[in-house]
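Here the protein sequences come in this chain order: A and B. For the first sequence, the UniProt record's numbering puts the final residue at 300, and the numbers step up evenly by one. For the second sequence, the UniProt record's numbering puts the final residue at 214, and the numbers step up evenly by one. Heads up, the beta-carbon is just placed ideally off N, CA and C, and yes, glycines get one too. For clarity, every value in this text was computed on a predicted model and none was experimentally measured. Since the structure comes first, as structure tokens, the remarks are kept for the end.
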Amino acid sequence: MSSNRQIDTDGTDSQLTTAGESEETVEDAWSDYQYPGEAKLSVEDLDVYYGDERAIKRVTMDIPEESVTALIGPSGCGKSTFLRSLNRMNDRISSARVEGSVEFDGEDIYGGHTNLVELRKRVGMVFQAPNPFPKSIKDNISYGPRKHGDLDTSLLSRLIGRDDRESEMALVERCLKQAALWDEVKDRLDDNALGLSGGQQQRLCIARCLAVDPDVILMDEPASALDPIATAKIEDLIEQLAEEYTVVVVTHNMQQAARISDQTAVFLTGGELVEYDRTEKIFEDPESQRVDDYITGKFG
Amino acid sequence: MKTLRTEVAGMGDLVTGRLSLALDALDGDETAAHRVVDGDDAVNQTYVALENRCLDLFALQQPVASDLRIVAASFKIITDLERIGDLASNLGTYALTEQRSSVPEVDVVALAEDVQAMVEDGMTAYAERDVEACYELADRDDRVDANGLRASEQLVRALIEREHVTDAWSVERVLDDVSRLLLTVRDLERIGDHAVNIAARTAYMVENDRTLIY
């Protein structure tokens with residue numbers, strides 16, 4: 001079929017736009033997102049450097065509590081660096097330097113008075129590849145609380161009658177149920193966690209994270225190593241967790257971001273947060289042409 | 001995406017071509033009337049092919065943002081075009097059954113020219129992504145509606161005011177003619193409405209502007 005009409009290719013069929021050629025600047029970022037509820041994390045003018053290289057460029061955004069925030073963008077855009085800056089995991093990289101502030105419940109975590117152990121307990125993290133401890137399923141859950149002193153199940157405490165074994169089992173059951181894993185593993189809690197499937201291991205890692213009673217769960221590509229069924233379970237779980245926890249997810253899978261998140265932040269090359277808004281708005285009518293080009297596959 | 005838009009524009013050309021035939025039919029061209037009545041299959045086949053193409057794009061490409069709006073708007077616009085094709089066939093059928101009785105002359109051809117231009121302009125706005133033209137087109141529909149209403153009133157008034165018709169044959173003939181003309185006016189108005197739908201979906205496609213949809 002042919003038409004005698006000239007199809008105007010302006011806009012949607014535009015030439016590829018790269019960050020360097022764009023007329024948009026960081027000042028044009030659409031990040032004035034009016035979210036419902038309170039901010040759990042407030043990031044202001046955050047710069048992260050690796051040596052002389054700036055990986056995150058003056059990012060300001062609030063992360064609302066009890067919701068799912070997705071961070072998307074091309075490889076190397078700084079989204080994982082940004083995620084790690086939310087519980088100071090970048091401190092472990094010697095060349096990394098942070099400027100600006102990240103307030104967690106109103107307290108600046110870079111303010112100098114932060115207890116890192118306590119911070120990472122309250123802002124937990126789940127990684128791309130499942131990384132259970134080479135221990136039993138039960139011990140994977142109770143290891144953290146034991147380390148933090150919240151559970152006492154040592155031989156000595158048993159001998160002096162301060163054994164928390166019942167509390168331990170209650171905790172293991174609660175966390176595994178929250179992570180939608182209980183029914184699959186309840187009869188083999190003493191089996192080695194490495195015998196679980198990839199999807200089960202990842203849910204175990206989420207359960208392990210829940211065991212230390214966090215407020216925020218950071219997830220870096222939590223389903224990218226999983227098959228579609230295991231991915232669907234993780235996605236369902238993320239939505240359920242957001243009823244009680246603040247979840248921040250980095251994902252390369254834009255459809256996953258669209259499915260599971262309440263708000264989406266788009267980072268583009270150079271560590272810029274270009275647009276941050278309700279997920280529906282980002283995927284139906286983004287303000288930025290660069291974001292439109294990226295999510296429709298014309299760039300990145 | 002560009003292919004989809006070109007093909008939808010092509011369906012627009014097919015449908016406006018059929019509207020031209022309907023217009024000739026209303027103007028007394030019997031050959032054109034037969035062609036427009038018999039030729040609806042091509043529009044229907046194109047509609048089915050484009051509907052499948054949109055569904056494939058939704059399923060396989062999972063379009064988002066501007067691409068999503070192109071597929072969603074096109075998916076709706078082809079339905080309007082298919083309906084316009086059906087209405088063009090109706091107009092051909094009315095023209096063939098016209099008996100040239102003594103009911104007053106209503107200028108349906110002028111009305112038909114107006115709505116044909118609206119459909120053409122709607123599809124041009126779609127092809128050229130011209131939101132301003134969409135708004136102008138929506139305004140024109142008010143005039144078409146007013147003209148249609150005036151024509152219908154003229155027909156009904158003539159029916160009421162006409163001298164007493166006694167023989168059964170004449171009554172039937174007048175009723176047939178009035179009904180046919182009222183249907184013609186109604187179908188032309190509907191074509192105008194579909195043209196406005198095309199404009200409304202185009203404004204959504206280009207700027208996520210849903211004002212005209214509601």
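{"query": "Check whether the Cβ atoms of V64 (chain B) and F283 (chain A) lie closer than 8 Å to each other.", "result": "yes"}
{"query": "Indicate whether at least one CB of chain B lies closer than 8 Å to the CB of I7 (chain A).", "result": "yes"}
{"query": "Assess, as a yes-or-no matter, whether the segment 143-162 of chain A is touched by the segment 174-185 of chain A under the definition of 3 or more beta carbon pairs within less than 8 Å.", "result": "no"}
{"query": "Output yes if chain A places a C-beta closer than 8 Å to the C-beta of L137 (chain B); else output no.", "result": "no"}
{"query": "Going by Cα to Cα distance, which pick from A:S80, A:A265, A:I137 is closest to Q200 (chain A)?", "result": "A:I137"}
{"query": "Report the residue from A:N131, A:R58, A:F127, A:K121 whose alpha carbon sits nearest the alpha carbon of D150 (chain A).", "result": "A:K121"}
{"query": "To the nearest angstrom, report how far apart E66 (chain A) and R201 (chain B) are at their CA atoms.", "result": "36 Å"}
{"query": "Rounded to whole angstroms, what's the CA-CA distance from M219 (chain A) to R83 (chain B)? Just pull it up for me.", "result": "50 Å"}
{"query": "If you scan the segment 189-256 of chain A from start to end, which runs of the alpha helix (DSSP H) of 4 or more residues do you find wholly inside it?", "result": "198-210, 228-241"}
{"query": "Going by other Cβ atoms of all chains shown within 10 Å of its Cβ, with 16 needed for buried, is A151 (chain B) buried or exposed?", "result": "buried"}
{"query": "For the segment 47-56 of chain A against the segment 237-246 of chain A, do three or more pairs of beta-carbon atoms, one drawn from each stretch, fall closer than 8 Å, so that the two count as touching?", "result": "no"}
{"query": "Considering only C-alpha positions, which residue in the set A:A193, A:P214, A:M254 is nearest to E221 (chain A)?", "result": "A:M254"}
{"query": "Considering just the uninterrupted stretch of the beta strand (DSSP E) at F58 (chain B), what are its terminal residues?", "result": "Per DSSP, F58 (chain B) belongs to no beta strand (DSSP E) and is neither H nor E."}
{"query": "Mind listing the chain B neighbours of G284 (chain A)? Cutoff is C-beta to C-beta under 8 Å, in chain order.", "result": "The residue you asked about is not Gly; residue 284 (chain A) is Glu in the sequence shown. By Cβ distance, chain B contributes V64, A65, L68, R69, N208."}
{"query": "Hey, is I295 (chain A)'s beta-carbon within less than 8 Å of any beta-carbon in chain B?", "result": "yes"}
{"query": "Whole-angstrom Cβ separation of S179 (chain B) and T296 (chain A), contact assumed at under 8 Å?", "result": "Their Cβ separation, rounded to whole angstroms, is 51 Å, which puts S179 (chain B) and T296 (chain A) out of contact at 8 Å."}
{"query": "So which of A:S85, A:D105, A:G106 has the shortest CA-CA distance to R97 (chain A)?", "result": "A:S85"}
{"query": "Apply the 10 Å Cβ neighbour rule to S170 (chain B) and answer buried if 16 or more other Cβ atoms are within range, or exposed otherwise.", "result": "exposed"}
{"query": "Nearest by alpha-carbon distance to P132 (chain A): which of A:E168, A:L46, A:V291, A:G195 is it?", "result": "A:G195"}
{"query": "Report yes if the C-beta distance between V144 (chain B) and E189 (chain B) is below 8 Å; otherwise report no.", "result": "yes"}
{"query": "Taking the straight line between their C-alpha atoms, what separation do you get for P276 (chain A) and A265 (chain A)?", "result": "Here residue 276 (chain A) turns out to be Tyr, not Pro, going by the sequence shown. One C-alpha to the other measures close to 4 Å."}
{"query": "Find out if the Cβ-Cβ distance for the pair G144 (chain A), V212 (chain A) is shorter than 8 Å.", "result": "yes"}
{"query": "What did DSSP end up calling G100 (chain A) once you bin it into helix, strand or coil?", "result": "strand"}
{"query": "Could you check what DSSP says for S14 (chain A) in three-state terms: helix, strand or coil?", "result": "Confidence at S14 (chain A) is low in this model, with a pLDDT of 39, below 50, so its placement is unreliable and no value can be given for it."}
{"query": "Under 7 Å between beta-carbons, which chain B residues line up against D292 (chain A)? List them in chain order, please.", "result": "A65, S66"}
{"query": "Please determine, among B:Y214, B:S74, B:F58, the residue with the shortest C-alpha to C-alpha distance to M11 (chain B).", "result": "B:S74"}
{"query": "Let's test the definition: count the other Cβ atoms within 10 Å of the Cβ of L71 (chain A) and tell me whether it reaches 16, buried, or not, exposed.", "result": "buried"}
{"query": "Which term fits P286 (chain A), buried or exposed, when burial requires 16 or more other beta carbons within 10 angstroms of its beta carbon?", "result": "buried"}
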